[in-house]
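Have a look at the structure below before the remarks.
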Amino acid sequence: MTQNTELLRIEELVLYFNSLQGPVQAVDGVNFSLDSNRAVVILGESGCGKSSLAKAILRLLPRNAGTYSGRIYLDGQDVMLFTEEEFRQNIRWASISMVPQAAMNALNPVIRVGEQVAEPAIVHLGVDKAGAISLVRKMFQHVGVPDDFISRYPFELSGGMRQRVAIAMALVTSPNLIILDEPTSALDVLTQANIFNVLKRLKKELGISFILITHDIATSSELADDVAVMYAGQIVEVSDAHRFFDGPQHPYSKKLLASVPRLHGDSEPEFITGRPPSLINLPKGCRFSDRCPSRFEKCVEDPPVIEADGRKVKCWLYS
Amino acid sequence: MSASLAKAVENKEDLRKVLLSIDDLHVWFELRKFGFGHAGYVKAVDGVTFDVHRGETIAVVGESGCGKSSLMKTILGLYKPTKGEIIFDDKNLKDLDTKGMHWYHSHVGYVQQDPYGALPSFMNVKRILEEPLIIGGVKDKEERNQRIRKALEEVKMSPVDDFLPKYPHMLSGGQQQRVVIARAMIMEPKFLVADEPVSMLDASVRVEILKLLRGLQELHHLSVIYITHDLSTVSYFSERIFVMYAGNLVEKAKVRQVLDNPLHPYTVALLTGTSEPDAKNADTYKEIPPGEPPSLVKPPPGCRFHPRCSKAIKGLCEIKEPPDFEPEPGHLVACWLYEK
Amino acid sequence: MIALKNSLRDLVRYPSAVLGLVIIFILMGIAVYALVTIPYSEAVRLWRGGEDVWYQNPKYAAPTWYNFFSSKKEPVSFAVNTADGSMKKTVTSNSPDISTVDIIYSFDYNYDTYPQEMTLYFNTTFTDKLPFASIVWITPDGRKIKIANMAVDHKSTYRFSQDPKLQKSLKSENVMQALFSDLKAEDPTLIKGQYQLAITGTTFEKASDINAQFVFHGDLFGLAGTDKYRRDLLLPLLYGTPIALAFGLLAALGTALLTMIIAAIGTWYGGWVDELIQRITEVNLVLPFLAILIMIGTFYSRSIWLMLGVTILLSIFSGQIKTYRAIFLQSKESSYIEAARAYGASNSRIIFTYLIPRMIPLLIPALVSSVPSFVFLEASLAVLGLGDPVLPTWGKIIDDAFTDGALYRGLYYWVLEPAVLLMITGLGFAMLGFALDRIFNPRLRDI
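Residue numbers (the numbering used here), protein chains in the order written: chain A, 29 to 347; chain B, 362 to 701; chain C, 39 to 485.
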């Protein structure tokens, strides 16, 4: 059953890191929203700040974090105002959980897999060990891991299995939203397809929402209901998946889509010249302008976000 | 046309002759128990046969653990074959002594997956490119410098002087990979082995590098073995495809043949599993075989894919290993479904 | 090399490292100064020359700066002579053959204790007739004390405290006390003020001449004091610096490099080469290091070069090999090594051009941190009596002090000076080594 209520709304989220050369403006005023039981994919290349966005939403700030501001509305409540303890108890893993990048390598090698997945349940739901294990069994069923794997160690599992375990660990507290950071980048084709089947089923059967962060445009379409394209710390386009993959608006999105090689390659894929700007020395004006084929005089100014027909794009061409 | 190609044409070399011939190659690694006892073999490559012609690009496609890395490293001369023959330019690798192997190494270029790891971090670009030349016996310093400059220009890293003193950590991923390619090309090899050359690069850079490789291949009439798990890049860059599973080549054909008419159930699965950017994907489940690739220590009897194959023929597929059948000319498949 | 510059920049952020570097630079400065101002032969002469070299110095004298710390000021030794003009001499000719040589030396004595000894060394020239000298001592309170009248030979020595005639005339065995206080007073205390030594000499030939050297042995001497043999301790302290540094650095460098090379070779070739090296290492770990050095020193030779060589030899096959081996095993599998094999690099090339340069950042902190232990080793060998027989080293000072019961006698300076230098050296290198470790260690992740 789909309820089109707004689950998450992010306004002007900012996260800078301190570095020897100056502040790294990884997340620079990000705005988007997500309805419940929908999946949004944050598309971007390496260095655009998308992993930092995940950390910013879950308040997993590293030691060198600098400016951190903005508003994150979860079910109408601004969770940025919560204290550390409130956030830890109520939000992190309780409402929003995460499958981090290379999650399969993030499993503790000396603890059995079942125990690891049980841990968030014990901490957040307050169940005892037996109750947690039965929850783990249920989660393993959802993600397609056989029961007898509960007592195994991570090194006994293949990469695909470990990734499924990581997803189970994110699921066990029945969150409303799961953030996935490059869930399949290190996996083979068939394993990848299997994982996405799992995610699709979870979305349908459990009504969970997803934020999928990836640079892989092709696989992103497997899960996406909405697409947000990130470039140099900013969101440059937001659109629903159907209209995005048929016809993207922002010049960067167009180039990204054109660079994907196709199985039945009739036309040559294109590549984008130049490199993304460093997040420390950001250019003035539109950050994509020096690589943009449609650049014109107005682009020396930072473009506003233009909303039309349920799609948002940050580009002067649409004003 | 490059100098080597021009020379070849002049000598009326058969430009399509077989450059590399692999015959029933087996590469087994011994498993030691506690350092003493023998616990079996990892049969990474278990009976592989194919030919590579001059100027031809072959894609070897397979998932991790199928043995393609071991196959490639044996071709490069880093592992010794347990059984079978590798014949390069009419010379059997088994018969080559150290000097012969030296000659062989200078005729094969190797492009690796991880561009940063493939470059020694304590050497600058000039030094990195100089190494194969020094080892290859190019004594004249001027000649070395010239060849280095030419190699960098060919991989479109200009102005050359800007890049020569740089260290790997100062370059972007794409630039690092160009240096790796330049290093592979600097001895003017006859063929290149490229192991997932773009999988660790950004999407927009991948296409650039693949185009560069294709350009080099055309210019020098190179043969390329392109190893990848990403089927979508294959049609841009290869003429023939070999699909590898659990140490065997299960399908060998021209690219168009495989993409339009995949025969082996595993190939079909791979193609189904490969995503294209299409919003309708979110509403459909992909039909893929369950389970995982088998262990190479104790592969399943008969056809190695049979435990996962929905079309397995009972009484046949789990007992006998299928030979190569040729249902259409130039399209070989190792599957009992195509027994005439 | 750019990495080196960056590392130097990182280093400066650690105050302990800066301090360590400063200490090391100072030590190196001392070493260079010592080597430049005192050539080797001179050093050996001063150290082992014998009485002739040392006679001017007092025995067991503490350094001059002791007076800063004590309320009782002790007298500082000095020596003056007529030859270089530090003691004034006037010659008056009375007749063609006879001349009077007047030598006067006045000095201020404001100390609280009596000096050890005063000695006059006469150096005269004559053919037949010996010159004659009359020595008078003038106290601040105006007393003129006749010291001696004597004929002086070519080389004569007059020791004030050992002249029985003087003892008799002063009515005291303690000549120094008698000369520096008024024994006839009720409560004889030391009189401070200006004292004068007047020597009236007479020569009886035209070409005859008298030169005198007045050596005053106080309780204090020089910057570093003296030892039992009257040797100025400043020499071994100064000259010991380059020796200690050289031994420490050479041993550390030699050991580190060779250990790394052997570990690399073993790891790369594997098989029996690796096994052999591992077994040698394991046996060597059990061997008693110091005992072997003692054996060699006792039965063969104590030369410092031999000790250095044996030290390095025994230190190479150490536990460090196992550490390097672990890291090399990992490095062996890196992509760039694989690429090198693919373009035909030979084994030795891979080891020396590809594997080892990767390890050098690792090596540097270990090297720096190991210098102190080798410096201490050299000192320990000396204390055990196995020090180099010829060279003046810090360890030798401690050895001599120990043999002579310096601490028992209260001659703390003799032990403390070399000990403090050893500690400072150790501290300097250790601080630098720790800071380097902190800088280079994150880079280990790259391996």
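Using N, Cα and C, we set each Cβ at its ideal position, and we do this for glycine too.
- One thing to note: C/T240 has its Cβ no nearer than 9 Å to the Cβ of C/T102.
- Between B/T589 and the set B/P442, B/D385, B/Q474 and B/I495, the nearest pair of CA atoms involves B/Q474.
- By the criterion of a C-beta distance shorter than 8 Å, C/D90 is surrounded by no residue of its chain, once the five residues flanking it on both sides are discounted.
- Beta-bridge partners assigned by DSSP to B/S382: B/D412 and B/I448.
- Three or more beta-carbon pairs drawn from the segment 291-303 of chain A and the segment 556-572 of chain B are found closer than 8 Å, and the two stretches are therefore classed as touching.
- In terms of CA proximity to C/Q205, C/I185 leads the group C/A284, C/S219, C/I185 and C/H192.
- With a cutoff of 9 Å on beta-carbon distance, A/Y280 and A/C327 are scored as not near each other.
- Within the same chain, Cβ atoms closer than 6 Å to the Cβ of C/L276 are found at A72, the five residues on either side in sequence being excluded.
- S372, S373, Y374, E376, A377, A378, R379, A380, Y381, G382, A383, S384, R387, T391 and Y392: these are the residues of the segment 366-394 of chain C whose beta carbon lies less than 8 Å from some beta carbon of chain B, given in chain order.
- Listed in chain order, the non-local C-beta contacts of A/V69 below 6 Å within the same chain comprise L240, S248, A252 and V255, local neighbours out to five positions each way being set aside.
- In the assembly as shown, C/M333 is an exposed residue. Its beta-carbon has fewer than 16 other beta-carbons within 10 Å.
- Secondary structure note for C/G471: its alpha helix (DSSP H) is the uninterrupted segment Y450 to F478.
- B/V469 and B/L583 have their C-alpha atoms spaced approximately 10 Å apart.
- Taking a Cβ-Cβ threshold of 8 Å, the residues of chain C close to B/G478 are S372, S373 and Y374, in chain order.
- B/D475 is outside the set of residues whose beta carbon lies under 9 Å from a beta carbon in chain A.
- Here DSSP, grouped into helix, strand and coil, assigns B/S467 to helix.
- Between the segment 228-245 of chain C and the segment 418-427 of chain C there are fewer than three C-beta pairs closer than 8 Å, too few to call the two in contact.
- Counting along the chain, C/A186 sits inside no alpha helix (DSSP H); it lies in the beta strand (DSSP E) bounded by residues K182 to A189.
- Annotation note: the segment 508-594 of chain B contains the following uninterrupted alpha helix (DSSP H) runs of length 4 or greater, listed N- to C-terminal: 521-524, 534-546 and 564-581.
- Distances from the CA of C/N132 to each of C/Y52, C/K244 and C/Y233 were compared; the closest alpha carbon is that of C/K244.
- At least one CB atom of chain B sits nearer than 9 Å to the CB of A/M189.
- Assignment of C/Q368 by DSSP, reduced to helix, strand and coil, places it in the helix class.
- The contact set of C/R396 on chain B, defined by CB atoms closer than 8 Å, consists of P481, S482 and F483 in chain order.
- Listed by position along chain A, the residues whose Cβ is nearer than 9 Å to that of B/N622 form an empty set, because the closest Cβ is around 12 Å away.
- In this chain, the beta strand (DSSP E) harbouring A/L240 covers S237 to T242.
- By the neighbour-count criterion, in which a residue is buried when 16 or more other Cβ atoms sit within 10 angstroms of its Cβ, C/H192 is exposed.
- The C-beta distance from A/D274 to A/G338 rounds to 14 Å, too long to meet the 8 Å contact threshold.
- Under the DSSP definition of a beta bridge, A/M258 partners with A/I263.
- Listed along chain B are P638, D639 and A640, each with a C-beta nearer than 8 Å to that of A/F273.
- Contiguous beta strand (DSSP E) elements confined to the segment 634-699 of chain B occur at 686-689 and 692-694, taking only those with 3 or more residues.
- Counting every other CB atom within 10 Å of its CB across the protein chains shown gives B/K672 a total below 16, marking it as exposed.
- By the 16-neighbour rule on beta-carbons within 10 angstroms, C/N249 is buried.
- Of all C-beta pairs linking the segment 272-289 of chain C to the segment 375-391 of chain C, fewer than three are shorter than 8 Å, placing the two stretches out of contact.
- The beta carbons of B/I602 and B/V422 sit about 6 Å from each other, so the pair counts as a contact at 8 Å.
- Taking a contact as a CB-CB distance under 8 Å, the pair B/A555 and B/Y587 counts as one, their CB atoms being some 5 Å apart.
- One thing to note: B/D450 has its Cβ no nearer than 9 Å to the Cβ of A/S74.
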